[in-house]
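Visitor:
In my numbering, the protein residues as written are 107 to 352.
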């Protein structure tokens, strides 16, 4: 039991959820390391959605609504943390949802799909093909899913697949707390925020944006600007904390 008055209550709940999901075969053990890395950057950002990230989340909604065939790519960590939120985002954006894993087994694919469907997500199924130019199993995707997408939303992503998707001519929205990661650096639009904060914000923006406004906003997205602003926010917070010790 985690006491609710613990100063790290929210973070400890997330850790327990991921640990339980690992024991259930949904999250790979390596996914716990990835979570820890992201949490470290969340500390640096003040564990909050910055004004810059909030704007990026509205941009993400615009890109999803303006896309011809948007697909949300889900891995184990994302499913464990945000399955119920993804159902809302799928409904608001009209995007397809496909499971894609680095540590891929049929059992994990089935467990993650079952978890998503339990929370109301309509998950694509079919026979995957090696359509993404990669040497590992993240190359596998569905021809009528990620294979046919013009835009892919990749929460908690591997940088090499993000780069490969861009090489295929697809736009990529990445939710990543680390503005220095390959994923954030490569994505069309990096959303530098925690996934459980980012997904509901994108959903809310999808529900209030008109198609015309989405098309107009999507044309002006500047991903590099968000990287610079995130790095500046981290630098400013570190300087502030340093001054507080004087």
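Even glycine gets a Cβ: it sits at the ideal position worked out from N, Cα and C.
1) Are residue 170 and residue 201 close, meaning C-beta to C-beta below 8 Å?
2) Please classify residue 114 as buried or exposed, where buried requires at least 16 neighbouring CB atoms within 10 angstroms.
3) In the structure shown, what three-state DSSP assignment does residue 176 receive?
4) Using CA coordinates, which residue listed in 128, 312, 300, 219 is at the minimum distance from residue 151?
5) Can you tell me which of 122, 351, 272 puts its alpha carbon nearest to the alpha carbon of residue 240?
6) Taking the DSSP output, what are the residues bridged to residue 257?
7) Classify residue 236 as helix, strand or coil using the three-state DSSP reduction.
8) Would DSSP call residue 230 helix, strand or coil?
9) The beta strand (DSSP E) with residue 203 in it runs from where to where?
10) For residue 287, which residues in the same chain have their Cβ closer than 8 Å to its Cβ, ignoring the five residues on either side in sequence?
11) Look at the Cβ atom of residue 227, then the Cβ atom of residue 189, and state whether they are nearer than 8 Å.
12) May I ask you to list the residues that DSSP assigns as paired with residue 295?
13) For residue 206, which of 159, 238, 199 has the nearest alpha-carbon?
14) Pair every Cβ in the stretch 173-191 with every Cβ in the stretch 332-346, then say whether three or more of these pairs are closer than 8 Å.
15) Decide if the stretch 207-227 is in contact with the stretch 249-260; the criterion is three or more beta carbon pairs, one per stretch, under 8 Å apart.
16) Quick one: give me the first and last residue of the alpha helix (DSSP H) that residue 344 is part of.
17) Can you name the start and end residues of the alpha helix (DSSP H) that residue 119 belongs to?
Guide: Put simply:
1) What you label residue 170 is simply residue 64 of the chain shown in a count that begins at 1. What you label residue 201 is simply residue 95 of the chain shown in a count that begins at 1. Closer than 8 Å, so yes.
2) In the chain shown, counting from the first residue as 1, residue 114 sits at position 8. Exposed, because fewer than 16 other Cβ atoms sit within 10 Å of the Cβ of residue 114.
3) Stepping through the chain shown from its first residue, residue 176 is reached at position 70. Strand at residue 176.
4) Here residue 151 refers to the residue found at position 45 when the chain shown is read from its first residue. Ranking the options by Cα distance to residue 151, first place goes to 300.
5) On the chain shown, residue 240 is found 134 positions in, with the first residue counted as 1. Among 122, 351, 272, the Cα nearest to that of residue 240 belongs to 272.
6) In the chain shown, the residue the question calls residue 257 occupies position 151. Per DSSP, 176, 277.
7) Working through the chain shown from its first residue, we reach residue 236 at position 130. If DSSP states are grouped into helix, strand and coil, residue 236 belongs with the strands.
8) In the chain shown, the residue the question calls residue 230 occupies position 124. In this structure, residue 230 counts as coil in the three-state DSSP scheme.
9) The sequence position of residue 203 within the chain shown is 97, counting from 1. Its beta strand (DSSP E) spans residues 202-205.
10) For the purposes of this step, residue 287 is identified with residue 181 of the chain shown, where counting begins at 1. Answer for residue 287: 265, listed in chain order.
11) The residue labelled residue 227 in the question sits at position 121 within the chain shown. The residue labelled residue 189 in the question sits at position 83 within the chain shown. Yes, they are a contact pair.
12) Taking the chain shown and counting its residues from 1, the one referred to as residue 295 is at position 189. In DSSP, residue 295 forms a bridge with 279.
13) Position 100 of the chain shown, counting from 1, holds the residue named residue 206. Selected option, being the one with the closest Cα: 238.
14) no
15) no
16) Mapped onto the chain shown, residue 344 falls at position 238. Per DSSP, residue 344 belongs to the alpha helix (DSSP H) from 329-350.
17) Numbered from its first residue, the chain shown carries residue 119 at position 13. Element bounds for residue 119: 115-129.
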